[in-house]
Each structure stands twice: as C-alpha cells, then as structure tokens.
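Numbering (our numbering), first residue to last: -9 to 233.
Positions of the beta carbon are idealized from the N, C-alpha and C atoms, including for glycine.
Written below as structure tokens is the structure these notes are about.
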Amino acid sequence: MHYGPFGRLHRRDGVLVPLRRPAPAQPQSANWRQGDRCAVLPIRTHLLGSLDDPAEVLRHYAGAVIQPGDVLTIGETPLAVMQGRYNHPANLEPSSLARLLCRVFHPTSSLATACGLQTLIDNVGPARVLCAWLLGTALKLVGSKGWFYRLAGEQARLIDDVTGTTPPYDQTIVLGPSHSAQVCRQLASELGVAVAVVDVNDLGRVKVLASSPGCDETLLERALRPNPAGNANERTPLVLVRP
C-alpha cells in the first residue's frame, strides 16, 4: 500500500530471487541441435527477473560456448522482464476508453481485456490508441487490415496479457522490451558476437525485433522456425545459432 498526500493506493509488486541456478553451458556437454544449414543450442537459465542484468546473464550462461560468427538470441519477454516492464492488473484502473475498445478485439488478443488495453493506453497515450482504432477500422472496411497495430505502435503487438507468459509472470501484464536495438548493440559489443531480440511461437512465426549490426536475420528465421526455445516452462530464453 502506498500512503501519502494522495491518500491510500493499493498496489501489488514483487521481485524474483532465484534459490538455485543451472550450470552454464559448456562446450563439452552442449546439446546442439541440427537446424536448417546451421546448429542451434537452447541455453537454460534460472527464472529471470528484474534484479538480473541482461549482459551478465548472457555472459554467465553462454560465455563459455560462444565463438566468432555465432548469433546469440534472447526472447523479447525475458528481456522485458529483466527491464521490469510488467505490471499486476491490480495496479491498473481501466478507463472508459479501455473498457469500450477492448470489446472490438479478438477474444484471444492481449488487448481484448480492459487491463490489457489500458496497458497500451498508458504506454502510448489515449489519443494515439483512439486514432489508431478509428483509422484502422475505416481501412479495414475497404479491405486493408492490420492498420491498428501499425498506427498504435510496436507495443500493441508485443503486450502479453495475464496467462500469456511463464509463471509467476502469468499473473501480470508484460510489455515488449524497451530500446531493443540499443540493447543488442551494447550486448554484441560486450560479448563479441551478434545479438538479436526475437519473438517466436510454436506456429513457426519468427519476428526479429532488433539485432546488432551485421546480424544475419535470414539465418535466424531458418534456425528459429521450429521454436527451439519453446513456449512452455523450458526456461531456455537464450538460443545460440551457429552457421
């Protein structure tokens, strides 16, 4: 509970402290998988949280197996979690706009709930969301789809509503990561290999959100199409791709 001149505000928050950490990947025991003209290594980590530093996580778990020419990928949700970009629905107060517009989205969309859409509104502003919906609806009527997500910004596609991520974050709404391109450049500089932030699902969809200069995104799309990291509780947010 927050208490002060504003009165009382009930908020829920928390941090994750891992009690055990898996051993880092080692060259002699690495379980490489054969991909499409490449080798792929899913790398297991502890359950990541906002106390973790992305550079330290990548260095600790993958440092012993990376070599020049590799591409090290990290999932967009694990990176967002390390950046603290998640919020419990109890901390949100859905506006009338969120309650109204959430009804027009497909029931499986993360924007189909008032709290999910309010998260986007808080991120990009109500005017942008409303304009994106009005223009998107008008263009959809003439056969051009997907404009809401283009106009509302990248976060409109990246928000994961409750139950959309690994426990305990399945109780929260997780945004997409912030400054992904800058993070990739920094991590690549520190590790000496290309780094990419990716969004992959079990349906074979691979989206490279950002990558360091010189990264072969075509290679990543081939390598990650089978979703080697998984979407369940594998705890393998890092995937090393070797041409």
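Discussion item. Buried or exposed for residue 123, going by 16 or more other Cβ atoms inside 10 Å?
Written reply: Mapped onto the sequence shown, residue 123 falls at position 133. The residue in question, residue 123, is buried, as its Cβ has 16 or more Cβ neighbours within 10 Å.
Worksheet item: At which residues does the alpha helix (DSSP H) containing residue 112 begin and terminate?
Response: Along the sequence shown, read from residue 1 onward, the residue named residue 112 stands at position 122. Run containing residue 112: 104 to 114, per the alpha helix (DSSP H) assignment.
Fill in: Reference residue 104; option with closest CA among 117, 90, 96
As a first step, residue 104 must be located in the sequence shown, where it is residue number 114. If we check each option's Cα against that of residue 104, 90 comes out closest.
Item to complete: For residue 26, I'd like the list of residues in its chain whose CB is within less than 6 Å of its CB, leaving aside the five on either flank, ordered along the chain.
Response: For the purposes of this step, residue 26 is taken as the residue at position 36 of the sequence shown. Contacts found: 212.
Worksheet item: CB-CB under 8 Å to residue 85, same chain, minus the five flanking residues each way: which ones, in chain order?
Response: If you number the sequence shown from 1, residue 85 lands on position 95. The answer, listed in chain order, is 108, 111, 116.
Item to complete: Measure the C-alpha to C-alpha separation of residue 79 and residue 160 and round it to an integer number of angstroms.
Response: To locate residue 79, count along the sequence shown from 1; it is residue 89. To locate residue 160, count along the sequence shown from 1; it is residue 170. The alpha-carbon atoms of residue 79 and residue 160 are separated by roughly 11 Å.
Practice prompt. Within 10 angstroms of the Cβ of residue 223, are there 16 or more other Cβ atoms? Answer buried if so, exposed if not.
Written response: Indexing the sequence shown from 1 puts residue 223 at position 233. Exposed: under 16 other Cβ atoms inside 10 Å.
Worksheet item: Nearest to residue 127 by alpha carbon, out of 233, 173, 95, 155?
Response: Taking the sequence shown and counting its residues from 1, one reaches residue 127 at position 137. When only C-alpha atoms are compared, the closest one is 95.
Worksheet item: So is residue 46 buried or exposed if we call it buried at 16+ other beta carbons inside 10 Å?
Response: Residue numbering aside, residue 46 sits at position 56 when the sequence shown is read from its first letter. Exposed: under 16 other Cβ atoms inside 10 Å.
Worksheet item: Would you call the segment 23 to 43 and the segment 192 to 207 touching, i.e. three or more CB-CB distances under 8 Å?
Response: Taking a contact to require three or more Cβ pairs closer than 8 Å, the segment 23 to 43 and the segment 192 to 207 do not qualify as touching.
Discussion item. Quick check: what's the CA-CA separation for residue 37 versus residue 137?
Written reply: The residue you call residue 37 lines up with position 47 of the sequence shown. The residue you call residue 137 lines up with position 147 of the sequence shown. Their backbone Cα atoms lie some 35 Å apart in a straight line.
Discussion item. Helix, strand or coil for residue 128? Go by DSSP, reduced to three states.
Written reply: On the sequence shown, position 138 is the one that residue 128 refers to. In the structure shown, residue 128 sits in a helix (DSSP, three-state: H, G or I).
Worksheet item: Among 60, 76, 97, 43, which one has its Cα closest to the Cα of residue 156?
Response: The residue given as residue 156 occupies position 166 in the sequence shown. Comparing Cα-Cα distances from residue 156 to each of 60, 76, 97, 43, the minimum goes to 76.
Item to complete: Provide the residue(s) that pair with residue 184 in DSSP beta bridges, ordered along the chain.
Response: The sequence position of residue 184 within the sequence shown is 194, counting from 1. Answer by DSSP bridge pairing, in chain order: 61.
Worksheet entry | Beta carbon of residue 148 nearer than 8 Å to that of residue 166 | Counted from its first residue, the sequence shown places residue 148 at position 158. Counted from its first residue, the sequence shown places residue 166 at position 176. In this structure, residue 148 sits near residue 166, with a CB-CB distance shorter than 8 Å.
Fill in: Where the beta strand (DSSP E) containing residue 31 begins and where it ends
Here residue 31 corresponds to residue number 41 of the sequence shown, with the count starting at 1. It spans 29 to 33 - the beta strand (DSSP E) in which residue 31 sits, taken as one unbroken run.
Item to complete: Please list, in chain order, all residues of the same chain as residue 53 whose beta carbon is under 8 Å from its beta carbon, the five residues on each side excluded.
Response: On the sequence shown, position 63 is the one that residue 53 refers to. Here the set comprises 14, 181.
Discussion item. Please report the distance separating the alpha-carbon of residue 12 from that of residue 33.
Written reply: Numbered from 1 along the sequence shown, position 22 holds the residue referred to as residue 12. Numbered from 1 along the sequence shown, position 43 holds the residue referred to as residue 33. In this structure, the CA atom of residue 12 is about 10 Å from the CA atom of residue 33.
Worksheet item: Does the Cβ of residue 233 have 16 or more other Cβ atoms within 10 Å, making it buried, or fewer, making it exposed?
Response: Counting from one through the sequence shown, the residue named residue 233 turns up at place 243. Exposed: under 16 other Cβ atoms inside 10 Å.
Worksheet item: Is DSSP giving residue 161 helix, strand or coil here?
Response: Sequence index remark: in the sequence shown, residue 161 carries index 171 (1-based). Correct three-state label for residue 161: helix.
Item to complete: Would you check if the distance between the CB atom of residue 178 and the CB atom of residue 185 is smaller than 8 Å?
Response: Indexing the sequence shown from 1 puts residue 178 at position 188. Indexing the sequence shown from 1 puts residue 185 at position 195. Yes, the Cβ-Cβ distance between residue 178 and residue 185 is below 8 Å.
Fill in: Rounded Cβ spacing between residue 210 and residue 35 (contact assumed at less than 8 Å)
In the sequence shown, counting from the first residue as 1, residue 210 sits at position 220. In the sequence shown, counting from the first residue as 1, residue 35 sits at position 45. Not a contact, Cβ separation roughly 19 Å.
Discussion item. Buried or exposed, going by whether 16 or more other CB atoms sit within 10 Å of the CB of residue 68?
Written reply: In the sequence shown, counting from the first residue as 1, residue 68 sits at position 78. Buried.
Item to complete: Put residue 24 into one of helix, strand or coil per three-state DSSP.
Response: By 1-based counting over the sequence shown, the position of residue 24 is 34. In the structure shown, residue 24 falls within a strand segment according to DSSP collapsed to helix, strand and coil.
Fill in: Chain-order list of residues whose beta-carbon lies under 7 Å from that of residue 227 (same chain, five-residue window excluded)
Looking up residue 227 in the sequence shown gives position 237. Same-chain partners within the cutoff: 35, 38, 64, 65, 68, 219.
Practice prompt. Write down every uninterrupted run of the beta strand (DSSP E) in the segment 62 to 106 whose length is 3 residues or greater and which is fully enclosed by it, in chain order.
Written response: Within the segment 62 to 106, no complete beta strand (DSSP E) run reaches 3 residues.
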